[in-house]
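Asker:
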Amino acid sequence: MGKFQVLDHPLIQHKLTIIRNKNCGTRSFREVVNEISTLMAYDVSRDMPLQDKQIETPMGKMTAKELAGKKVAIVPILRAGIGMVDGILELIPAAKVGHIGMYRDEKTLQPHEYFVKLPSDIDQRQIFIVDPMLATGGSAIMAIDALKKRGASNMKFVCLVSAPEGVKALQEAHPDVDIYTAALDDHLNEDGYIVPGLGDAGDRLFGTK
Ligand code: PRP
Ligand code: URA
Numbered sequence: 594m595g596k597f598q599v600l601d602h603p604l605i606q607h608k609l610t611i612i613r614n615k616n617c618g619t620r621s622f623r624e625v626v627n628e629i630s631t632l633m634a635y636d637v638s639r640d641m642p643l644q645d646k647q648i649e650t651p652m653g654k655m656t657a658k659e660l661a662g663k664k665v666a667i668v669p670i671l672r673a674g675i676g677m678v679d680g681i682l683e684l685i686p687a688a689k690v691g692h693i694g695m696y697r698d699e700k701t702l703q704p705h706e707y708f709v710k711l712p713s714d715i716d717q718r719q720i721f722i723v724d725p726m727l728a729t730g731g732s733a734i735m736a737i738d739a740l741k742k743r744g745a746s747n748m749k750f751v752c753l754v755s756a757p758e759g760v761k762a763l764q765e766a767h768p769d770v771d772i773y774t775a776a777l778d779d780h781l782n783e784d785g786y787i788v789p790g791l792g793d794a795g796d797r798l799f800g801t802k
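Reading the sequence shown from the start, the letters are residues 594 to 802 in my numbering.
#1: If you measure from the CB of Thr650, is any heavy atom of the ligand PRP nearer than 7 Å?
#2: Bridge partners for Ala540 per DSSP, in chain order?
#3: CA-CA distance, Ala775 and Gln606?
#4: To which residues of the same chain is Gly730 closer than 6 Å at the C-beta, ignoring the five residues directly before and after it?
#5: Mapping the DSSP letters down to three states, classify Lys761 as helix, strand or coil.
#6: Which ranges would you report for the alpha helix (DSSP H) in the region 743-792 if only whole runs of at least 4 residues count?
#7: The ligand PRP heavy atoms versus the CB of Gly595: any closer than 7 Å?
#8: Would you mind stating whether Tyr786 and Met633 have Cβ atoms separated by less than 8 Å?
#9: Alpha carbon to alpha carbon, what distance is there between Gly792 and Ile648?
#10: Between which residues of its own chain and Lys658 is the CB-CB distance below 8 Å, once the five residues before and five after are set aside?
#11: Pro712 and Lys742: beta carbons closer than 8 Å?
#12: Can you tell me whether DSSP reads Ala666 as helix, strand or coil?
#13: When you measure from the CB of Met695 to every non-hydrogen atom of the ligand PRP, does any distance come out below 7 Å?
#14: Any heavy atom of the ligand URA closer than 7 Å to the CB of Met735?
#15: Under the criterion of a Cβ to heavy atom distance below 7 Å, does Ser732 qualify as lining the ligand PRP?
#16: Report yes if the CB atom of Gly618 is closer than 8 Å to the CB atom of Asp769, and no otherwise.
#17: Please state the DSSP three-state secondary structure of Glu628.
#18: By how many angstroms is the C-alpha of Asn747 removed from the C-alpha of His767?
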């Protein structure tokens, strides 16, 4: 079973409260989603491998550490995942970015894939799949299916708010994928929205309500 981790650093929790508030406008929502994503990237990247590097400080020679050339790809699930990309790029600027377009049918709650564009060497990259919301888990599961079909194997799923139903479904479908979230909420309502959640992440990010 993959790791499930709630990243409950006080700064993350404080910022999450800002975006949960229904009075938070589009501009602040966008800014704070990026800030939370940067903070989460710090923990999500904690196990990136290091290698030795010989350097010279002003005081003399030393064996220092550098990232071991592990290639990273950030893959947002469209639309709302786009809101998390820039925040992660702040910490990992050399990462490539792939896109997976997915929308959830409002009645059936079933996800539908409409776009996939990935770096050509996706099979060799450590992948951070990002989407603010893990609700039923259908979109995340289908996005990971699409990535695996194209050779991806090293993946972590990063979201802001998750529901117990989605975590369970994702862990069962893809036990090899670690899940990182800023909050595990109470439940899904009859329309498949996370309660208390933060509403429709895509609409709040892009002002489309
Ligand atoms: C939202 C959200 C996730 C999905 C989560 O996207 O960003 O992708 O729902 O729900 P699930 O876990 O039940 O699949 P939505 O389908 O609303 O598309 P959008 O980002 O384009 O608004
Ligand atoms: N998608 C969202 O944007 N919000 C939810 O609460 C559930 C799915």
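By construction, the Cβ of each residue, glycine as well, lies at the ideal position given by its N, Cα and C atoms.
Answerer: Working from what's here:
#1: no
#2: The chain is shown from 594 up to 802; residue 540 falls before or after that span and cannot be answered.
#3: 7 Å
#4: Gly759, Ala762, Leu763
#5: helix
#6: 757-766
#7: no
#8: no
#9: 50 Å
#10: Leu643, Gln644, Asp645, Lys646
#11: no
#12: strand
#13: yes
#14: no
#15: yes
#16: no
#17: helix
#18: 12 Å
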